[in-house]
Structure formats: C-alpha cells, structure tokens
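Reminder that position 173 of the sequence shown reads as 173 in UniProt numbering, one-by-one numbering, no gaps. Every residue, glycine too, gets a C-beta built ideally from N, C-alpha and C.
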Amino acid sequence: MRQLSYTIEPEADGLSINAYARNIAGLSRAFLRSVKFRENGILINGQRVTTRGVLHAGDSLVFNMPNDRPQKVVPAEGPVSIVFENEDIVLVNKPAGLVIHPCHGHYSDTLLSYLAWYYRLLPEQPLLCPIGRLDKDTSGLILIAKNKYAAQQLEQIIPFPGFIWLWQKATGQTSPNRA
Numbered sequence: 001m002r003q004l005s006y007t008i009e010p011e012a013d014g015l016s017i018n019a020y021a022r023n024i025a026g027l028s029r030a031f032l033r034s035v036k037f038r039e040n041g042i043l044i045n046g047q048r049v050t051t052r053g054v055l056h057a058g059d060s061l062v063f064n065m066p067n068d069r070p071q072k073v074v075p076a077e078g079p080v081s082i083v084f085e086n087e088d089i090v091l092v093n094k095p096a097g098l099v100i101h102p103c104h105g106h107y108s109d110t111l112l113s114y115l116a117w118y119y120r121l122l123p124e125q126p127l128l129c130p131i132g133r134l135d136k137d138t139s140g141l142i143l144i145a146k147n148k149y150a151a152q153q154l155e156q157i158i159p160f161p162g163f164i165w166l167w168q169k170a171t172g173q174t175s176p177n178r179a
C-alpha cells in the first residue's frame, strides 16, 4: 500500500486535516473520501483520526492510499516504446495508427492493452490513466498516470488535453509546423 506522508510546518498549526489536505497538500475531496473510512486511512503520529482532527507543528500526517480498481483493459501483446517511467507515470511514444483506449472495433489493439501486457507480471497491476489525448492517426508522446492519485495531480497542472503547451514552452511557437 502506498502512503502520502507530511510533516506539519508551524504555519499549518491548528488547521484541520481536511483544510490542510485540500488547501496545502492539494488533495481532492474524492481522495479524502477514499481514505477517511478505511482502517488506518488517515493517521496523525501513528493514531487513526478523522478529517476533523486538528494538526500541530511537527505532527506526522499519513494518508494510506487505497489500491486502485482493477484495469478493465484486455492485455494484448504489442510494441510499446517507453521514453520515461517511474512509480507514478509512464511516458510513451505512441505511433500513428494506434488508438489509446479500447473502443468499437479496437478492443485489444490499443496502447493501453499493450501496456497492460507489458505490466502483466507485476504483483500489482497499475491503473493506466492517459493524461490528455492523441488521435489515432497522430504520433507523439502521451503521458499515462499509473494510479488514481497521480492522475488527479497531473490533471490539475496540465492546462488542457494534449501536449501543445509543452511545444509552446519548448519552442516559443504556437503550434508545430505541418508541412
């Protein structure tokens, strides 16, 4: 089970766990709902508490993250070009002609199916959540969160679907030239 751990700074002294989680840690209401009813879902200094608990400077606040629901993607063997990967994300080079999600006519010949095959031997299968989108006939990098928490955090910082904003930051141009 994965944990999010925080040491409470003096400026957060007196805040409720709910206020700290939402306003300082940037956690969503949905995330708090998913942990608050779990046994040992929220701990202060090792003791189970509710979201109404009050924090003090120096406290150790821990959220025990629930396991993600199983992926509803049929694993299928296929090529996967991973550019970068860590425990929370995978950056994949998607070729043109490949769809990302299963859809009508494409149930197992998808990027997510190929990734599910790639991860099939892991003891815990990651939940694969594409961040942004690329059309079937478009090639390029696609960022995929490997758990619900990472997806929620990435969706907050990425301003809109796709990676045109990365292109703009890297080149100063508004869009790639299409020659």
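Of ILE144, THR51, GLN47, LEU98, the smallest CA-CA separation from PHE37 is found for THR51.
For GLU85, the pairing in a beta bridge is given by DSSP as VAL90. For the pair of segments examined, the stretch 19-33 was found not to touch the stretch 99-119: the number of CB pairs separated by less than 8 Å stays below three. Rounded to the nearest whole angstrom, the CA to CA distance from ARG48 to SER16 is 14 Å. ASP13 has its alpha-carbon roughly 43 Å from the corresponding atom of LYS72. In this structure GLY58 is in contact with ILE8, their Cβ atoms being roughly 6 Å apart against a cut-off of 8 Å.
For the 9 Å CB-CB criterion, VAL62 and ILE82 do not form a contact.
The DSSP-derived three-state label of SER60 is strand. Excluding its 5 nearest sequence neighbours in each direction, HIS56 has C-beta neighbours in its own chain below 8 Å: ILE8, ASP13, GLY14, listed in chain order. Distances from the CA of ASN86 to each of VAL99, GLY132, PRO126 were compared; the closest alpha carbon is that of PRO126.
A Cβ-Cβ contact shorter than 9 Å links MET65 with VAL35. Between the C-alpha atoms of GLN152 and GLN3 there is a straight-line separation of about 16 Å.
By the C-beta density criterion, LYS136 is exposed, having fewer than 16 other C-beta atoms within 10 angstroms. Residue burial annotation: ASN147 is buried, with at least 16 other C-beta atoms found within 10 angstroms of its C-beta.
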